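Asker: First, the structure itself, so that you have it in front of you.
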Amino acid sequence: MRAMNYRGPYRVRVDEKAMPRIEHPRDAVVKVTRSCICGSDLHLYHGMVPDTRVGQTFGHEFCGIVEEVGPEVENLKAGDHVLVPFNIACGQCHFCKQGLFGNCHESNPQATAVGGIFGYSHTAGGYDGGQAEYARVPYADFGPTIIPDWMDPDDAVLLTDVVPTGYQAAEMAGIQKGDTVVVFGAGPVGILAARSAWLFGAGRVIVIDHIDYRLESVKSFAPAEVYNFKELDDVVVFMKKTTDGLGADVCIDAVGAEATGSMLQTILGKRLKLEAGSAIALHWAINSVKKGGVVSIVGVYGPTGNMVPIGNVVNKGLTIRANQASVKRLLPKLIEHVRTGNINPKAIISHRVPLDDIADAYHIFSDKLDECIKPVLLPSGA
Amino acid sequence: MSDTNLALRISNPSKAVDTQSIVGWGVDADPQNDPTYPYRNRTEDNHSGEWRRPTQQEAQVELLKSVEHKWLPAVFGTASPPSGVSGSMRRLAFRWSESNWAHWLLLIAADRVNMIEGLVEDLGRGHVPNIPKEMGVPAEWRHNKAGLLKKLAVAAAIGGTVTGLIVAKRNAGKREPSAS
Ligand SMILES: [Zn+2]
Ligand SMILES: [Zn+2]
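One line per chain: the protein sequences are A and B, in this order. When we follow full-length UniProt numbering, the leftmost residue of the first sequence carries the number 1, and every step to the right adds one. When we follow full-length UniProt numbering, the leftmost residue of the second sequence carries the number 1, and every step to the right adds one.
See below:
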């Protein structure tokens, strides 16, 4: 089969690879119909995530048709079209029992802090991902969800990560009716977080980024007030000024490790890789939020330490909530939001690219060329 | 909360104290005061670390396991097992826990070595990788011609300067042979 093949930072191609097999009785093999490149794949692509091995296939956002199931999978059969949550979760361990499907303890030997994730380095379990014609799906009786007849597969594939992640960012923030919510980052997750903030009753939603075309897309999708931080002298001072000098009730970090805006953070985190990426978005979130406010983090950071202004967290009495989205827990609610039109995920798709052109797709997304927001990959047979 | 539930919640029951002997134990407990909502399902919470485990996958390739794990998780990926020099570096890294900086910096360093191994492997089987294509240069040409030309010009200028410096140094070396 054809599959993406990582060759080192900024280098990917499509190669012929062995077909995935059933390796565990709860596995399924899925023929991929859609996969996406995610902003967090760019951290892998840029060589930021430890233990990203040459030869791996990325892709944690995909849906596809069940080809074969292992003997312990009874609720799926060949031919079912499923969307596959990016978390690999057993559904029965200490954490899964609490609905923490993003923190499963039975899917990743290489680390305890993070659960298994498809195609996301060996730090997240060493699984090959869905940027391929076929993928092995462990715990297939638990994670994969049959796509409803009425649902467009373009919507379905976005329910595997960006929609639940954006939604959970707003949920973790405990937004109260009328709250002012600031979202740092106008990528797909930031856009969805802004949209979701309204669903929780926000009174004002502000989105900050440094790329104008991304901010324009937020205006139409969310809709929200948008600001380009390159045009602001000081992001934190601006936020205080626009919120009566108090700060926002809620700040959401939807950027993570590759934030721009600080030379020091760029050198330490992005160039030298001595910390878990540039934490500038998190700095701004902590410093722009009101005392007693909530900072919600869904931006991806590496496992090493970070320069984070923890003193301000203490002095301001902040609540910090953070996690990988527990996709499976949120799916019933989000499928309903898609059905009723409260969320229209496919509106953020900007590029549809054949799998064979994956190197171009990564480069376009990484370098923000051609006004790219969200690229979807189509396997040759789909 | 009943005592039976309490017993379940203590991670190591042999270390438990008799809470009945502590004056005022639990009087301010408020189940509504839960900043972790909606995550922690307190009713089924089992702090003992034992649960009905899934069937264990059999390892057909070499796996590296975090020293923080009590047991091998029931499923795992089998992509790109450790190999070569980078593999040895990764094995070394897994002597340390995830809280140790050395663990992660060694893995990042192994990734860089692995990239070179990938190149050697490609050449070894007679495949010369098309690096510009793998880096998406065709897309850059389509969408950012000016930017690409500028990058190439800068690269050429740096290349030219470096070559110039080397040549100049060589020539200088010829003119002024060292005293030794
Ligand atoms: Zn993703
Ligand atoms: Zn689990």
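Ideal placement from N, C-alpha and C gives every residue a C-beta, glycine not left out. The structure presented is a predicted model; accordingly, all values stated were derived computationally and were not measured.
Report all residues from its chain with a CB closer than 6 angstroms to the CB of residue 320/A; omit the five preceding and five following residues, and keep chain order.
Answerer: Closer than 6 angstroms at Cβ, skipping near neighbours: 295.
Asker: Output the distance between the C-alpha atoms of residue 134/A and residue 76/A, rounded to the nearest integer angstrom.
Answerer: Straight-line Cα distance between these residues: approximately 17 angstroms.
Asker: Is there at least one Cβ from chain A nearer than 7 angstroms to residue 143/B's Cβ?
Answerer: Yes, its Cβ sits closer than 7 angstroms to a Cβ of chain A.
Asker: Using C-beta distances below 8 angstroms, list every residue in its chain close to residue 210/A, excluding the 5 sequence neighbours before and after it, in chain order.
Answerer: Once the five neighbours on either side are set aside, the close Cβ partners of residue 210/A are 228, 229, 230, 260, 261.
Asker: With distance defined between alpha-carbon atoms, name the residue in 341/A, 346/A, 380/A, 220/A nearest to residue 358/A.
Answerer: It is 380/A whose Cα lies nearest to the Cα of residue 358/A.
Asker: Let me check understanding here. Comparing Cα to Cα, which of 238/A, 43/A, 74/A, 308/A lies closest to residue 26/A?
Answerer: It is 74/A whose Cα lies nearest to the Cα of residue 26/A.
Asker: Is any beta-carbon of chain B found at less than 7 angstroms from that of residue 145/A?
Answerer: It does not; no Cβ of chain B falls within 7 angstroms.
Asker: Does residue 266/A get closer than 7 angstroms to chain B when you measure Cβ to Cβ?
Answerer: False, the Cβ-Cβ gap to chain B never drops below 7 angstroms.
Asker: Would a check of beta-carbon distances place residue 186/A closer than 7 angstroms to chain B?
Answerer: Closer than 7 angstroms: no.
Asker: Compare the Cα-Cα distances from residue 285/A to each of 185/A, 139/A, 202/A and report the closest residue.
Answerer: Answer by Cα proximity: 185/A.
Asker: At which residues does the beta strand (DSSP E) containing residue 227/A begin and terminate?
Answerer: Residue 227/A -> beta strand (DSSP E) spans 225-228.
Asker: Whose C-alpha, out of 266/A, 290/A, 289/A, is nearest the C-alpha of residue 307/A?
Answerer: Of the candidates 266/A, 290/A, 289/A, the one whose C-alpha sits nearest the C-alpha of residue 307/A is 266/A.
Asker: Find the nearest neighbour of residue 189/B within the set 7/A, 194/A, 101/A, 155/A, judged by alpha-carbon distance.
Answerer: With chain B represented from 1 up to 180, any question about residue 189/B goes unanswered, as that position is not in the structure.
Asker: Kindly indicate which residue of 365/A, 369/A, 378/A, 371/A has the alpha-carbon position closest to the one of residue 43/A.
Answerer: Of the candidates 365/A, 369/A, 378/A, 371/A, the one whose C-alpha sits nearest the C-alpha of residue 43/A is 365/A.
Asker: Can you give the Cα-Cα distance for residue 109/A and residue 165/B, rounded to whole angstroms?
Answerer: If you take the alpha carbons of residue 109/A and residue 165/B, they lie about 51 angstroms apart.
Asker: Can residue 310/A and residue 191/A be called in contact, C-beta distance under 7 angstroms?
Answerer: No, these two residues do not count as a Cβ contact at 7 angstroms.
Asker: Using a 10 Å radius around the Cβ and a threshold of 16 neighbouring Cβ atoms, would you call residue 4/A buried or exposed?
Answerer: Under this definition residue 4/A is a buried residue.
Asker: Out of 23/A, 81/A, 89/A, 137/A, which one is the CA nearest neighbour of residue 59/A?
Answerer: That would be 137/A, whose Cα lies nearest to the Cα of residue 59/A.
Asker: Using the C-alpha atoms, what's the distance from residue 124/A back to residue 254/A?
Answerer: Near 20 angstroms, if we compare the C-alpha coordinates of residue 124/A and residue 254/A.
Asker: Helix, strand or coil for residue 36/A? Go by DSSP, reduced to three states.
Answerer: Correct three-state label for residue 36/A: strand.
Asker: If you reduce the DSSP assignment to three classes, tell me which class residue 368/A lands in.
Answerer: The answer is coil: DSSP assigns residue 368/A none of H, G, I, E or B.
Asker: Is it the case that the CB of residue 161/A approaches a heavy atom of ligand 1 more closely than 6 angstroms?
Answerer: Checking every heavy atom of ligand 1 against the Cβ of residue 161/A, one is found closer than 6 angstroms.
Asker: Answer yes or no: does any C-beta atom of chain B fall closer than 7 angstroms to that of residue 364/A?
Answerer: Answer yes: the Cβ-Cβ gap between residue 364/A and chain B drops below 7 angstroms somewhere.
Asker: Does the beta-carbon of residue 89/A, which I'm using as the reference point, lie nearer than 6 angstroms to any heavy atom of ligand 2?
Answerer: Yes, ligand 2 has a heavy atom inside 6 angstroms of this Cβ.
Asker: Within the same chain, show all residues whose beta-carbon is closer than 7 angstroms to that of residue 53/B, passing over the 5 residues directly before and after it, in chain order.
Answerer: Hits under 7 angstroms: 74.
Asker: Just checking residue 61/A against ligand 1 - is the residue's beta carbon closer than 6 angstroms to any of the ligand's heavy atoms?
Answerer: Answer for residue 61/A: yes, Cβ within range of ligand 1.
Asker: Does the distance from the C-beta atom of residue 83/B to that of residue 111/A stay below 7 angstroms?
Answerer: Against a cut-off of 7 angstroms, the Cβ pair of residue 111/A and residue 83/B comes out as no contact.
Asker: For chain A, check one thing: does any of its Cβ atoms lie closer than 7 angstroms to the Cβ of residue 62/B?
Answerer: It does not: the Cβ of residue 62/B has no partner Cβ on chain A nearer than 7 angstroms.
Asker: Between residue 131/A and residue 16/B, what straight-line distance do the alpha-carbon atoms span, to the nearest angstrom?
Answerer: Each residue's Cα considered, the two are about 49 angstroms apart.
Asker: Report the option in 151/A, 22/A, 182/A, 163/A whose CA atom is closest to the CA atom of residue 329/A.
Answerer: The shortest C-alpha separation from residue 329/A is found at 163/A.
Asker: Which residues, taken in chain order from the region 102-121 of chain A, show a beta carbon closer than 8 angstroms to some beta carbon of chain B?
Answerer: Of all residues in the region 102-121 of chain A, 105, 106, 107, 108, 109, 110, 111, 112, 113, 116 have a Cβ within less than 8 angstroms of some Cβ in chain B.
Asker: Listing by chain order, which chain B residues have their CB less than 9 angstroms from the CB of residue 332/A?
Answerer: Residues of chain B passing the Cβ test: none, with the nearest at roughly 13 angstroms.
Asker: Nearest CA to the CA of residue 9/A: which residue from 143/B, 141/B, 131/B?
Answerer: The candidate whose alpha carbon is nearest that of residue 9/A is 131/B.
Asker: Beta-carbon of residue 161/B versus every beta-carbon of chain A: anything under 7 angstroms?
Answerer: Output row for residue 161/B: interface = no.
Asker: Just by C-beta distance, which residues in the region 224-256 of chain A are closer than 9 angstroms to chain B?
Answerer: Correct list: empty, as no residue qualifies.
Asker: Let me make sure I understand the geometry here. Which of 323/A, 32/A, 341/A has the alpha-carbon closest to that of residue 144/A?
Answerer: Checking every option, the nearest Cα to that of residue 144/A belongs to 32/A.
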